[in-house]
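The sequence shown begins at 332 in the numbering used here and counts up one residue at a time. Everything on this sheet refers to the single structure shown next.
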Amino acid sequence: MRKQFTFQRILRSTLMVFALGIGTAANAQIDAGVSAILNPTSPSCQGSNAVTVVVHNYGAAGLTSALVNWSVNGISQAPFNYNGLLFTGESDTVTIGNFPFTYGSNLLDVRTASPNGGADDDSTNDSSAVTISVLMSGAYTIGGTTPDFAKFNDAITALNANGICGPVVFNMRAQTDTMQSVITPITGADSVNTITFQSENGDSTSVLLTYPSVDSLNPTNYLISLDGADYITFNKISMERSGILSYGRVLELMNNATHITVSNCRLLGSTNATNNSLATLIYSGATSPTNDSSMVISNNHFINGSIGVYMNGINTIQLELDNIITDNIFENQYSKGIQASNIGVVNIQRNQFTTTSNNIAYAGIYLDRVQRNHIVSKNKMTSIPGTGIYMVDCTGLAGIHGVISNNFILCTDSAGLSINNGDYQDIVHNTIVMRGSDPSYSALFARGNGHGKVVRNNILNNTGGGYAYVVSDSAVFGIVKSDNNNLYVTGTNVGVYDGVITASLNDWISASEKDSNSVQVNPNFVTPTDLHATSTAMEDLGKKLANVDDDIDGEIRSANAPDIGADEYSAAQRNVGVQALLSPVDSVCGDTMVPVIVVVTNTGSLQEINFDVTTIFNGAASDTLTFTITTAILPGESDTIIYPTNIDLSSGGQLNTISYTSLGVDDVRANDTLRANYTIGVPPTAPTVTNDSICGSGVATLTAASSDSLNWFTAPNAGTYLASGSTFTTPTLNVSTTYYVSAYGLCESARVPVEAVVNPVPVVSLGNDTSILDGADIDLDAGTGFTSYLWSNGATTQLINVNTAGCYTVAVTNSAGCTATDEICINVVLPFDAGVTAILSPMNNDCASATTDVTVVVKNLGSSIASAIPVDVTITGGLTASFADTVAGPLNPGDSAIVVMGTINTSAGGTYDLSAYTSFAGDQDTSNDTINSSVTLNIAPSAPVGVGASRCGAGSIILNASGTDTTEWYDAPTGGTLLFVGDIYSIPNLGATTIFYAQDGNVCNTQPRAAVTATINPLPNVNLGGDTTVTDSIILDAGAGFVQYLWNTSEITQTIEVDSTGTIIVAVIDNNGCINSDTIEITIIVGLTENQIAAGMRIYPNPTQSKLTVDFGKANNAILTITDMQGQIIMTDNMNNASDASRTYDVSTYAKGIYFLQITSGNQTSTSKIIVH
């Protein structure tokens, strides 16, 4: 504190000066300084701060005055004049001024000068300095002219570095900033000292923070990451992940980022059809610890992205709490508008949802394990696919239920509201409309476990042919109250209760034992998309509920008789309107005579007649048409009106229409009028085209030009559509073909033909290669009829004469411009010329042998007889050898001699390099003397062990062979055709005994093969003759020479005597064990003329492998017996009332062979043969 100048202090000072005396002045020390800086302290808050210091007298003399100089960050401030009286060692606290410190580090330097008006004897203690950390507070600007921060991230850097000491607002000037940012916990941020980023001009579109979407997952999938940051507000700005790629989160919350507010903003996502959370606009992950509670999301516009808002708690114990999502617009999210998982006390109200997504898995609001007293109310969903509200495992409190109320839900797919499991949910006062055409769709779908659920005062409306209300499996126990609902459907069934389909409301009430006060009436919505009701039949039929005081529009509910649905309304007695304009239609080409057709609907409670319907056209047509309704329209009915006058839309352009009814006493004017804007086109100009021609079979490329789209067809009208685009590549054509192309805007132009011309290719032949004698010549003729000739020697004539060896090529062109070529090679035969033309042995892939011949071919290539031609062969590689021989001759011109030069041992296998050449005296061409060959010889494996097989009669047979490698089967002992590869060779149908040859793998060319025989034994020939009718007994003979005879009469002799009518079957077995049989019908006339039991009887399939079906025909009480060839009974079946009956028997366990099936009815018997494979 400042010293007080008392009398005693002045007297003491005077005495000290006197005591020191003038003589001691040289030893006196005048020394002042600043011993401390008391204020501001560090950290301090940004703004004006008093600067308070301690002035100290370090000298021996009293200090009466001093100049206190000070500076901030090197900038001098106004000095302070100190006046007082300080004795030695005394200090005084003084405030030397005020300074508006800015955030960050500030260097404050304070020092004394001119103590007592003179020099300081010791300047080392004059000063004191301190660095003061100043926290942020107040308003700052980002961007624009002379801002506090140029970019968003500059402000974040300052926040992270300095912290705050008061509310901070960043006013962002109009800008587009491409950036990514991470905001970590800001020192000093709390419920009072908040941080706000907002547009300076209040226009959210003027500030855009943007970052491109990416195509791969990475840890930085965000525009802004709030990594544990709290008390941050984004207001009236736009945040975007641009592009079309799959990874595009905008705002990410993690590590307990709480008390975040996003208000009045636009959040824009990528337009990729992503069904997961990787393109969510506001995302709070579920990784522990990440409960990002107390978030407020209000009055924002969410555009595109996969999910608008996705909030995740850790689990049902560690919930995110107190999140509020209200008054937002969710537009064109692909997967979901809002998804909340493991959230407590969430408030989702007054949001609007619309999307162009066709994703049937879409949900407007998806709630997963949402707990406690949540509220989902007053939300509007218009024509969305999938489910409006989807709830799974959501649980309220027994005392305070979760409430889903006052929602408008209009869906075209799956379910309007779906609830799976969960407890204590009140689904009340909702208007749910399902328009999807699948009969399995429903307005409300409940399933799973849980209890304490209430369904009351809802409009459950399905106009697509499906159900209003579906309750499946255990959900029937969870709904404790369901009543006062309107279950209105246009299909045949109201709902499904625990698997029971209920056609009517009464059926529903009987099945569910609920909804006794519910109704089934048309709600008469104002328009197809405006779900405010007007129905008189539904008015005041709700039940007052304590937890719903108002409706979707905020209108107070009736205390006694509220209305069913989300809207509290007054019913319309008189209500007509234009529901649809059927003609003209949008995006077509106009015509001179277009009919005008509208649909008028009476949604009132009285029939209506004698009122006008007017349609006004502007733009492509200008006209006003009026039609007077003279036929009564009953309540709930519609009438299709065709105006007597057509309109001319041939000029095309924009067409604006207004259609309205004029009923003076109409109670609801909002649905009287239908407005529509159409684009009417004119046929585009026909395209210009370019034909294409090709030479011979191939593809042609046709082209067309137009400012409109181009379509290609096979015919001038109708036909098959082929392709689109300015070019069309034909399929392979053999003949000229005409195609057709048209331009297409809103309609099709006239089709223009385009020719793909296939021109013939010329045919030129110079003949086969040939030889001429030395000194001779030859004429080469390319043929007549071509427009040009070009020879490889440059000649351009049809015919050339040559006398030198070589190959000659000619190219000819016909009148269509098509070209063909041919080549002939001429060999000049010299008088004396011989050479080796082939090495016949060993060949590549031959089998190794101890005696492998070395064989070559020597040819007389000259025109004179040749004799005494020396020939040599040298061999290297697997062994080294050489052979020499002489072809004695004489060899006529063109003749060859095969010379076996010798034998080598190649049993070890390996690679051998052979060079064979002649040394013919006087040889005039040595270039053809020598031939070289490199061959690999392999050691052949032994033939495999083969196992043959036999069977009786033609059919399938299986052969086996095994070796060290996979067996190959051939039809010859050497060479031949490869038939099969594998150790087991199954032949599906063989008719005669055949020998096959098996070798072990494919090691070398001539390896040994094993002969394997497939033997086909003929079936024995047995013939009992044709069916016979006799008046007495008959002897049947099966023929001699068989080993065994088996009759169905149980006899085993060659012949038997038959004395009764019936079917006789015999089977014979020959020496090969082969079986065959024959059947004969014997009729013995004894009064009955035919066996009535067989009439209509069928046995099938026969032969069989597993099942055998018997149609009993006219047999009444019958006994069926199956016996084998030895007469042993295999099975017996008694059939009562068997007439026209069928029965199937399992014979899969029977041994393969022949059996007899006998049916006995009364005194008649029918026997049939059956064969089991």
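Glycine included, each C-beta is placed from N, C-alpha and C at the ideal position.
| Item | Value |
| --- | --- |
| Same chain, Cβ closer than 8 Å to ALA1484, five either side skipped, listed in chain order | Checking the sequence shown, residue 1484 turns out to be Gly, not Ala. So the qualifying residues of the chain are ILE1406, ASP1455, MET1456, ILE1502 and VAL1503. |
| Pairwise C-alpha distance: ILE487 and PHE480 | 10 Å |
| Buried/exposed call for LYS845, threshold 16 Cβ in 10 Å | buried |
| LEU490 in three-state terms, based on DSSP | helix |
| Endpoints, beta strand (DSSP E) assigned at LEU398 | 394-403 |
| Boundaries (first-last residue) of the alpha helix (DSSP H) holding ILE568 | Neither: ILE568 is in no alpha helix (DSSP H) and is coded neither H nor E. |
| Alpha carbon of GLY717 to alpha carbon of ASN878, nearest angstrom | 29 Å |
| Cβ distance (whole Å) where TYR578 is taken to contact SER615 below 8 Å | Going by Cβ atoms, the distance from TYR578 to SER615 rounds to 17 Å, so no, they are not a contact pair. |
| Three-state class that DSSP yields for GLU1191 in the structure shown | Residue identity check: residue 1191 is Asn in the sequence provided, not Glu. It is a strand residue. |
| Cβ neighbour criterion (16 or more within 10 Å) applied to LYS784 | buried |
| SER1172 to ILE1347 span [Cα, whole Å] | 41 Å |
| Cross-strand partners of ALA1342 (DSSP beta bridge) | TYR1328 |
| Distance between SER982 and VAL944 (C-alpha atoms, nearest Å) | 26 Å |
| Minimum C-alpha distance to ASN1468 - residue among SER1479, PHE1443, GLN1459 and THR1475 | PHE1443 |
| At least three beta-carbon pairs within less than 8 Å, the segment 724-737 to the segment 865-882 | yes |
| DSSP-derived helix/strand/coil call for THR1135 | coil |
| Length at least 3, wholly inside the segment 882-954: the beta strand (DSSP E) runs in chain order | 907-914, 928-933 and 942-950 |
| Boundaries (first-last residue) of the beta strand (DSSP E) holding ASP776 | The question names Asp, but residue 776 in the sequence shown is Phe. It spans 773-778 - the beta strand (DSSP E) in which PHE776 sits, taken as one unbroken run. |
| Close-in-space but distant-in-sequence residues of the same chain around GLY1493 (CB under 6 Å, 5 per side omitted) | none |
| Stretch-stretch touch, CB-based, cutoff 8 Å, three pairs: the segment 1159-1170 with the segment 1321-1332 | no |
| Sequence-distant residues of the same chain with beta carbon closer than 7 Å to GLN904, five excluded per side | THR867, GLY935, SER936, LEU937 and ASP998 |
| Which residues DSSP lists as bridging GLY378, in chain order | PHE432 |
| Alpha-carbon to alpha-carbon, PRO1434 and THR1475 | 14 Å |
| For ASN1465, three-class secondary structure by DSSP | strand |
| Separation of VAL857 from GLY967, as counted between CA atoms | 13 Å |
| C-alpha gap between GLN1489 and THR1344, whole angstroms | 41 Å |
| Backbone secondary structure at ASN586 - three-state DSSP | coil |
| C-alpha distance - VAL723 paired with ASN751, whole-angstrom precision | 5 Å |
| Within 8 Å, strictly: CB atoms of GLY822 and GLY797 | yes |
| Distance between beta carbons of VAL1085 and TYR1070, contact taken as under 8 Å | 5 Å |
| Coil, strand or helix - ASP1216 by DSSP | strand |
| Integer Cβ distance of LEU748 from SER714, believed to fall under 8 Å | No, LEU748 and SER714 are not in contact; Cβ-Cβ is about 16 Å, not under 8 Å. |
| In DSSP terms, what MET1232 is bridged to | None, per the DSSP bridge assignment. |
| Contacting residues, own chain, Cβ-Cβ under 6 Å from LYS334 (five flanking each side not counted) | Unreliable placement is indicated for LYS334, whose pLDDT of 46 sits below 50; the coordinate value is still reported in the next sentence. Same-chain partners within the cutoff: GLY415 and ASP423. |
| Three-way DSSP call (helix, strand, coil) for ASN761 in this model | coil |
| Bridge partner(s) assigned by DSSP for ASN1431 | Residue identity check: residue 1431 is Tyr in the sequence provided, not Asn. For TYR1431, which the question treats as bridged, DSSP gives the partners THR1440. |
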